[in-house]
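Undergrad: Residue numbers (the numbering used here): 552 to 684. C-beta: ideal position from N, C-alpha, C; glycine also. Since the structure is predicted, the reported quantities are computational estimates derived from the model, not experimental observations.
#1: Just verifying my parser: in three-state terms, what is the DSSP assignment at residue 662?
#2: Taking residue 616 and residue 601 to be in contact with their CB atoms under 8 angstroms, please state how far apart those CB atoms are, rounded to whole angstroms.
#3: What's the call for residue 634, buried or exposed, on a 16-neighbour Cβ count within 10 Å?
#4: How is residue 626 classed by DSSP in three states: helix, strand or coil?
#5: Measuring CB to CB, does residue 632 end up less than 7 angstroms from residue 643?
#6: Tell me which same chain residues have a C-beta within less than 7 angstroms of the C-beta of residue 576, skipping the five on either side of it?
#7: Out of curiosity, what's the CA-to-CA distance linking residue 572 and residue 605?
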(Lines of atoms letter the chains of each structure in order from A; the text may use other names.)
(Lines give C-alpha, C1' and ligand atoms only; values in the text may rest on other atoms or scores of the structure.)
Protein backbone atom coordinates (compact mmCIF):
# COMPACT_ATOMS: atom_id res chain seq x y z
CA UNK A 552 0.00 0.00 0.00
CA UNK A 553 1.31 3.47 -0.88
CA UNK A 554 2.20 5.64 2.05
CA UNK A 555 0.28 8.91 2.28
CA UNK A 556 2.17 11.99 3.39
CA UNK A 557 1.08 13.61 6.63
CA UNK A 558 -1.09 16.64 5.67
CA UNK A 559 0.93 19.11 7.76
CA UNK A 560 4.23 17.91 6.35
CA UNK A 561 2.81 17.91 2.83
CA UNK A 562 1.60 21.51 3.25
CA UNK A 563 4.99 22.57 4.64
CA UNK A 564 6.63 21.03 1.56
CA UNK A 565 4.24 22.94 -0.71
CA UNK A 566 4.96 26.21 1.11
CA UNK A 567 8.68 25.61 0.57
CA UNK A 568 8.00 24.95 -3.12
CA UNK A 569 5.92 28.14 -3.33
CA UNK A 570 8.92 30.11 -2.11
CA UNK A 571 10.88 28.83 -5.12
CA UNK A 572 8.37 30.19 -7.64
CA UNK A 573 8.89 33.47 -9.48
CA UNK A 574 6.59 36.44 -8.90
CA UNK A 575 5.09 35.83 -12.34
CA UNK A 576 4.36 32.18 -11.51
CA UNK A 577 2.79 33.10 -8.16
CA UNK A 578 0.66 35.77 -9.84
CA UNK A 579 -0.34 33.33 -12.57
CA UNK A 580 -1.47 30.74 -10.00
CA UNK A 581 -3.48 33.38 -8.12
CA UNK A 582 -5.20 34.45 -11.36
CA UNK A 583 -5.71 30.82 -12.40
CA UNK A 584 -7.57 30.10 -9.17
CA UNK A 585 -9.65 33.29 -9.47
CA UNK A 586 -10.59 32.26 -13.02
CA UNK A 587 -11.91 28.87 -11.92
CA UNK A 588 -8.77 27.09 -13.14
CA UNK A 589 -9.43 28.18 -16.73
CA UNK A 590 -5.93 28.13 -18.23
CA UNK A 591 -6.88 30.17 -21.31
CA UNK A 592 -8.37 32.96 -19.21
CA UNK A 593 -5.40 33.02 -16.82
CA UNK A 594 -2.96 33.15 -19.74
CA UNK A 595 -4.88 36.02 -21.35
CA UNK A 596 -5.05 38.06 -18.13
CA UNK A 597 -1.42 37.56 -17.14
CA UNK A 598 0.11 37.65 -20.62
CA UNK A 599 1.66 34.21 -20.08
CA UNK A 600 1.63 31.96 -23.14
CA UNK A 601 0.02 28.54 -22.91
CA UNK A 602 3.32 26.93 -23.90
CA UNK A 603 5.01 28.69 -20.97
CA UNK A 604 2.29 27.44 -18.62
CA UNK A 605 2.74 23.85 -19.82
CA UNK A 606 6.52 24.17 -19.50
CA UNK A 607 6.01 25.35 -15.92
CA UNK A 608 3.77 22.35 -15.27
CA UNK A 609 6.72 20.08 -16.12
CA UNK A 610 8.59 21.52 -13.13
CA UNK A 611 7.85 19.81 -9.83
CA UNK A 612 7.64 22.99 -7.74
CA UNK A 613 5.06 24.68 -9.96
CA UNK A 614 3.06 21.52 -10.64
CA UNK A 615 2.87 20.68 -6.92
CA UNK A 616 1.56 24.11 -5.95
CA UNK A 617 -0.95 24.10 -8.84
CA UNK A 618 -2.14 20.62 -7.84
CA UNK A 619 -2.56 21.68 -4.21
CA UNK A 620 -4.67 24.65 -5.34
CA UNK A 621 -6.97 22.39 -7.35
CA UNK A 622 -7.28 19.93 -4.46
CA UNK A 623 -8.17 22.76 -2.07
CA UNK A 624 -10.84 23.89 -4.53
CA UNK A 625 -12.31 20.37 -4.67
CA UNK A 626 -12.26 20.16 -0.85
CA UNK A 627 -14.17 23.45 -0.66
CA UNK A 628 -16.71 22.31 -3.25
CA UNK A 629 -17.28 19.01 -1.43
CA UNK A 630 -17.85 20.87 1.84
CA UNK A 631 -20.42 23.12 0.14
CA UNK A 632 -22.17 20.06 -1.27
CA UNK A 633 -22.37 18.52 2.20
CA UNK A 634 -23.78 21.78 3.63
CA UNK A 635 -26.46 21.75 0.91
CA UNK A 636 -27.29 18.14 1.78
CA UNK A 637 -27.62 19.07 5.47
CA UNK A 638 -29.97 21.88 4.42
CA UNK A 639 -32.12 19.31 2.61
CA UNK A 640 -31.49 20.59 -0.92
CA UNK A 641 -32.84 17.79 -3.12
CA UNK A 642 -30.59 18.34 -6.14
CA UNK A 643 -27.51 18.06 -3.93
CA UNK A 644 -28.88 14.92 -2.29
CA UNK A 645 -29.61 13.31 -5.64
CA UNK A 646 -26.24 14.35 -7.03
CA UNK A 647 -24.45 12.80 -4.07
CA UNK A 648 -26.43 9.56 -4.22
CA UNK A 649 -26.02 9.31 -7.99
CA UNK A 650 -22.23 9.64 -7.73
CA UNK A 651 -21.40 8.16 -4.34
CA UNK A 652 -24.29 5.77 -3.75
CA UNK A 653 -23.77 3.46 -6.71
CA UNK A 654 -22.89 0.52 -4.47
CA UNK A 655 -26.42 0.81 -3.10
CA UNK A 656 -28.03 0.95 -6.51
CA UNK A 657 -28.25 4.68 -7.09
CA UNK A 658 -27.11 6.00 -10.42
CA UNK A 659 -28.17 7.16 -13.85
CA UNK A 660 -30.63 5.31 -16.00
CA UNK A 661 -33.24 4.56 -13.37
CA UNK A 662 -30.99 2.29 -11.34
CA UNK A 663 -32.40 3.55 -8.08
CA UNK A 664 -33.62 0.13 -6.98
CA UNK A 665 -31.43 0.78 -4.03
CA UNK A 666 -30.17 -1.92 -1.74
CA UNK A 667 -30.52 -0.60 1.79
CA UNK A 668 -32.39 2.60 0.84
CA UNK A 669 -35.78 3.28 2.30
CA UNK A 670 -38.73 2.74 -0.06
CA UNK A 671 -39.83 6.33 0.64
CA UNK A 672 -36.49 7.67 -0.59
CA UNK A 673 -36.63 5.50 -3.71
CA UNK A 674 -40.14 6.81 -4.44
CA UNK A 675 -39.04 10.41 -3.89
CA UNK A 676 -36.21 9.96 -6.38
CA UNK A 677 -38.56 8.42 -8.96
CA UNK A 678 -40.97 11.37 -8.62
CA UNK A 679 -38.14 13.87 -8.91
CA UNK A 680 -36.77 12.24 -12.05
CA UNK A 681 -40.25 12.25 -13.64
CA UNK A 682 -40.56 15.98 -12.89
CA UNK A 683 -37.23 16.68 -14.60
CA UNK A 684 -38.08 14.62 -17.70
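TA: The answer reads as follows:
#1: Summary for residue 662: the model assigns pLDDT 48, below 50, so the residue's position carries little reliability, and this model does not support an answer.
#2: Between residue 601 and residue 616 the Cβ distance is about 18 angstroms, and since that is not below 8 angstroms, they are no contact.
#3: Classification of residue 634: exposed, given that the 10 Å Cβ count is below 16.
#4: When secondary structure is reduced to three states using DSSP, residue 626 falls in the helix class.
#5: Yes, Cβ-Cβ distance for residue 632 and residue 643 is below 7 angstroms.
#6: Result list for residue 576: 607 and 613, in chain order.
#7: So the alpha carbons of these two residues sit roughly 15 angstroms apart.
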